[in-house]
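K.L.:
Below is the structure I would like to discuss, written out as structure tokens.
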Amino acid sequence: MKVAILVGSETDLNHARAAAEVLAQFEVPCEVYVLSAHRTPIETIQFARDAERNGFSLIIAMAGKAAHLPGVVAANTILPVIGVPLSASLNGFDALLSVAQMPTGVPVACMAIDGAKNAALFAVSILALNNADLKQKLLLYRESLKKGSGKKDL
Ligand SMILES: Nc1c(C(=O)O)ncn1[C@@H]1O[C@H](COP(=O)(O)O)[C@@H](O)[C@H]1O
Numbered sequence: 001m002k003v004a005i006l007v008g009s010e011t012d013l014n015h016a017r018a019a020a021e022v023l024a025q026f027e028v029p030c031e032v033y034v035l036s037a038h039r040t041p042i043e044t045i046q047f048a049r050d051a052e053r054n055g056f057s058l059i060i061a062m063a064g065k066a067a068h069l070p071g072v073v074a075a076n077t078i079l080p081v082i083g084v085p086l087s088a089s090l091n092g093f094d095a096l097l098s099v100a101q102m103p104t105g106v107p108v109a110c111m112a113i114d115g116a117k118n119a120a121l122f123a124v125s126i127l128a129l130n131n132a133d134l135k136q137k138l139l140l141y142r143e144s145l146k147k148g149s150g151k152k153d154l
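In UniProt numbering, the protein residues as written are 1 to 154.
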């Protein structure tokens with residue numbers, strides 16, 4: 001059980017870090033790579049093709065601007081690909097549409113703009129399907145979200 005976190009540029013590494021921190025909280029191992037469908041197309045495709053053989057269970061791919069990275073990765077693996085559009089320009093709307101509007105047959109699970117943490121949590125949900133220990137941790141995490149909710153007397 002291992003997650004790959006891909007970002008399109010070194011300038012996106014803060015988002016990779018945010019996702020990696022969530023995965024670490026759940027003790028899910030991950031590896032971070034800077035790969036770009038535009039700047040390093042051959043390496044990106046090779047990474048996606050080898051990902052399953054290299055022990056990855058799923059891939060989180062994040063990119064800003066013309067965010068083709070998640071789609072190109074999805075086109076080259078049948079592992080689940082979670083895409084995160086980043087707000088590198090146009091408040092992230094350009095990347096959102098690039099990640100969300102995949103043609104039928106090659107899906108990418110598109111998170112919110114800059115939704116790196118939710119990408120990691122979604123990855124944990126998928127992995128928890130086959131891992132009772134992880135499922136328990138996820139249930140505890142959801143329980144922790146209740147803190148601070150309810151009626152407030154001001
Ligand atoms: N969208 C992509 C891809 C890709 O889709 O393969 N590769 C880099 N990028 C994005 O370009 C933005 C600007 O990158 P630079 O800051 O390096 O110029 C980044 O947000 C990156 O994700």
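The C-beta atom is built at its ideal place from N, Cα and C for all residues, glycine as well.
Under 8 angstroms between the Cβ atoms of Y33 and L6?
P.N.:
In contact: Y33 and L6 (Cβ atoms closer than 8 angstroms).
K.L.:
If I'm right that A51 touches S98 with Cβ under 8 angstroms, what's the distance once you round it to whole angstroms?
P.N.:
Their Cβ separation, rounded to whole angstroms, is 21 angstroms, which puts A51 and S98 out of contact at 8 angstroms.
K.L.:
Given 8 angstroms as the limit, is there contact between the stretch 107–126 and the stretch 15–26, that is, 3 or more CB pairs closer than that?
P.N.:
Contact holds: three or more Cβ-Cβ distances are below 8 angstroms.
K.L.:
Return yes when the C-beta of L90 is under 7 angstroms from any heavy atom of ligand 1, and no when it is not.
P.N.:
Checking the Cβ of L90 against ligand 1 gives no.
K.L.:
Taking just the CA atoms, how far does F56 sit from T104?
P.N.:
Cα to Cα, the separation comes out at about 24 angstroms.
K.L.:
What whole-angstrom Cβ distance do V73 and V84 have, given they're in contact under 8 angstroms?
P.N.:
So it is not a contact: roughly 12 angstroms between Cβ atoms.
K.L.:
Check this for me: beta carbons of N76 and R49, under 8 angstroms apart or not?
P.N.:
It is a contact, given that the beta carbons lie within the stated cut-off.
K.L.:
Just verifying my parser: in three-state terms, what is the DSSP assignment at P29?
P.N.:
DSSP places P29 in coil when its eight states are reduced to three.
K.L.:
Do the CB positions of A63 and A95 come within less than 8 angstroms of each other?
P.N.:
Closer than 8 angstroms, so yes.
K.L.:
How far does the alpha helix (DSSP H) with A100 in it extend, from its first residue to its last?
P.N.:
First-last of the alpha helix (DSSP H) with A100: 93–100.
K.L.:
Residues bridged to G64 by DSSP?
P.N.:
For G64, which the question treats as bridged, DSSP gives the partners L86.
K.L.:
Quick check: the Cα distance between L138 and L23, rounded to an integer number of angstroms?
P.N.:
So the two alpha carbons sit approximately 11 angstroms from each other.
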